[in-house]
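Down below is the structure, laid out as structure tokens.
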Amino acid sequence: MIGFIVWWLKVPEVIYQVLEQPLGSDELKGRSDVPETLEEFMDEVKNNILDAKDFAFKLREMVTLLEQRTRNAKIQEYLYRHVASSSIPKQLLCLALRLAHEHSTNAAARRQLPSPELVPALVDDSYFHFVLASDNVLAASVVANSLVQNSLRPKKLVLHVITDGKTYSPMQAWGKVPVLEAMEKDQRVRSRFRGGSSAIVENNSEKPHIIAAKLQTLSPKYNSVMNHIRIHLPELFPSLNKVVFLDDDIVVQADLSPLWDIDMNGKVNGAVETCRGEDKFVMSKRLENYLNFSHPMIAENFNPNECAWAYGMNIFDLEAWRKTNISLTYHHWVEENLKSGLSLWQLGTLPPGLIAFHGHVHAIDPFWHMLGLGYQENTSFAGAETAGVIHFNGRAKPWLDIAFPQLRPLWAKYINSSDKFITGCHIRTS
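See below:
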């Protein structure tokens, strides 16, 4: 028979009492006697006779200090990434300037696109029409190249590129695709967010990942007219019945013509839902992640648990759209959000899109749109390789130095490494 002894050591109640009392945010300012490492803490415990209460105070101070430093470091990292993702790399600036110069000095670069014999295709519904809104020449070229190279019927493709005034000349000079210039500009949404990144970072009550999300909404990409333009597709293309809208941070890896065979069941927007999937970080988004359900206008009209969907690769049935009030609904809610001081949702075009297309979305197979390559470093390379369309949504755009190196080749393979403008501006093609 084996005997054993059970010894219970009861933690003094005072330790619980002290640890459960949070320290104020300013209580540790200027303090030099707080241990900064476990080693320093153990040395102090060994060298001083501490009762249970003093032990708990020291432990609480050390843990609080380390929590504050960890939080500040995380926020600083997010801020640096925000600045990096919002800046224009010198290689892209070089490319835009060289193409603009080419446009002004070379008559061939100013030729009308497309050529006269191809103009009828712009309004011919027997073609596969894709729409790309972009002010990034390099990104647009990757989308175009990947679309054409993976198409089984490239001669049946029409890619309409919507750009702004400053990008029109470089885009036309490169001569990749026909260009439709966007006329509408709306800066009110961004101008209403006072304080910018500084105001967000200085908020001591929010968790770092919430601050990161708010910083991302300040990105020029998410508030550009290029993003808002998609809500005007029925007006921009009055002769077309169906288009596929592509963001400029996607890569096409499969023939997309089967998208035209999908029965939309009378719905307007064919999109991939983002509440189901193996990746619980990327594919766990519901309306509550985008809309403020503490506001009565949101709470009374929507279900927080309803599945969200993604922009980036969407099939739009323009014929069905014209029978709805989707565009009016979109602008109504944007206006309501402005009136409320942006209390219905933070900046960005997906929240009003989720509202405007509510009840008009047809879920499509996730194969057609794999998300998260711009913010999920652990994205499966094998999974990304086999997706029909991959989307570098997030800060780590593939044309930036902060791109995830293991994922960037999926995008860079579609850069024409022999192009004189690419080589002249030292743009990486690997």
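Per my numbering, the very first residue in the sequence shown carries number 243; after that it's consecutive.
Yeah, the Cβ is synthetic: ideal placement off N, Cα and C, and Gly gets one too.
How would you call T516, buried or exposed, if buried means at least 16 neighbouring beta carbons within 10 angstroms?
Here T516 is buried, its C-beta having at least 16 other C-beta atoms within 10 Å.
Just the Cα atoms here: how many angstroms apart are I504 and H604?
10 Å
Helix, strand or coil at V431 according to DSSP, with G and I counted as helix:
Any reading at V431 needs caution, since the residue's pLDDT is 41, under 50, leaving its predicted position unreliable; the model's value is listed next. Three-state DSSP puts V431 in a helix.
W587 by DSSP, collapsed to three states: which one?
coil
Check whether the Cβ atoms of V524 and G616 sit closer than 8 Å, and answer yes or no.
no
Rounded to whole angstroms, what is the Cα-Cα separation between L364 and S388?
Distance from the CA of L364 to the CA of S388, rounded to the nearest whole angstrom, comes to 20 Å.
Does DSSP classify W641 as helix, strand or coil?
W641: coil per DSSP, three-state reduction.
Look at the alpha carbon of Q310 and the alpha carbon of L533, and state the distance between them as a whole number of angstroms.
29 Å
Which word fits E344, buried or exposed, when buried means at least 16 other C-beta atoms lie within 10 angstroms of its C-beta?
Buried is the call here.
Hey, how far is the Cα of S622 from the Cα of Q495?
Distance between the alpha carbons of S622 and Q495 is about 16 Å.
T516, enclosing alpha helix (DSSP H) - first and last residue:
That residue, T516, is in no alpha helix (DSSP H); it is neither H nor E in DSSP.
Name the residue from V361, D285, L529 and T405 whose alpha carbon lies nearest to the alpha carbon of L592.
L529
CB F663 to CB L337, shorter than 8 Å?
yes
Quick check: H234 and V510, are their CB atoms within less than 8 Å of each other?
The requested residue 234 does not occur in the structure, where the chain is confined to residues 243 to 672.
For D630 and W610, I'd like the C-alpha separation in whole angstroms.
For the sequence presented, residue 630 should be read as Gly rather than Asp. About 5 Å.
Note down, in chain order, each residue of its chain lying with its Cβ closer than 7 Å to the Cβ of S481, except the 5 sequence neighbours on either side.
V365
Got a sec? Which residues, its chain only, sit under 6 Å from V576 by beta carbon, not counting five neighbours each side?
P594
Since H600 and D491 should fall inside the 8 Å C-beta cutoff, what is the C-beta to C-beta distance between them, to a whole number of angstroms?
Contact doesn't hold; Cβ gap of about 25 Å is too wide.
Out of curiosity, what's the CA-to-CA distance linking R472 and P647?
31 Å
Are H668 and S569 closer than 8 Å when you measure CB to CB?
no
Excluding five sequence neighbours on each side, which residues of the same chain lie with their C-beta closer than 7 Å to the C-beta of W502?
F370 and K484
For K427, count the other beta carbons within 10 Å of its own beta carbon; 16 or more makes it buried, fewer makes it exposed. Which is it?
Caution applies to K427, whose pLDDT of 29 falls short of 50 and renders its modelled position unreliable; the value that the coordinates give is listed next. Exposed, since its Cβ has fewer than 16 Cβ neighbours within 10 Å.
For L560, which option in E281, G666, S274 and F479 has the closest C-alpha, if you only look at C-alpha atoms?
F479
Just list the residues that DSSP pairs C549 with in beta bridges.
DSSP lists R528 as the bridge partner or partners of C549.
Sorted by chain position, which residues of the same chain lie with C-beta nearer than 7 Å to L394's C-beta, five sequence neighbours on each side aside?
D497 and S499
D559 - partner residues in DSSP beta bridges:
K484
What separation, rounded to the nearest whole angstrom, lies between the Cα atoms of D650 and P476?
Note on identity: in this sequence residue 650 is Arg, with Asp being the wrong assignment. R650 and P476: Cα-Cα distance of roughly 34 Å.
Coarse secondary structure for I442, derived from DSSP in three states
Because the pLDDT at I442 is just 49, under 50, the model does not fix this residue reliably, and the point stays unresolved.
Nearest to L586 by alpha carbon, out of K522, N531, V276 and I644?
When only C-alpha atoms are compared, the closest one is N531.
Neighbourhood of N547 by C-beta, 6 Å cutoff - its chain only, sequence neighbours within 5 removed
R528
Which one or two residues does DSSP pair with V603 in a beta bridge?
N511
Span separating the alpha-carbon of A298 from that of L261
6 Å
Taking all protein chains shown into account, decide if D377 is buried (16 or more other Cβ within 10 angstroms of its Cβ) or exposed.
Buried: at least 16 other Cβ atoms inside 10 Å.
Using only the alpha-carbon positions, how far apart do E278 and M304 sit?
6 Å
DSSP on M225, reduced to helix/strand/coil?
The requested residue 225 is not part of the displayed model; the chain covers only 243 to 672.
Is the Cβ-Cβ distance between V514 and A552 less than 8 Å?
yes
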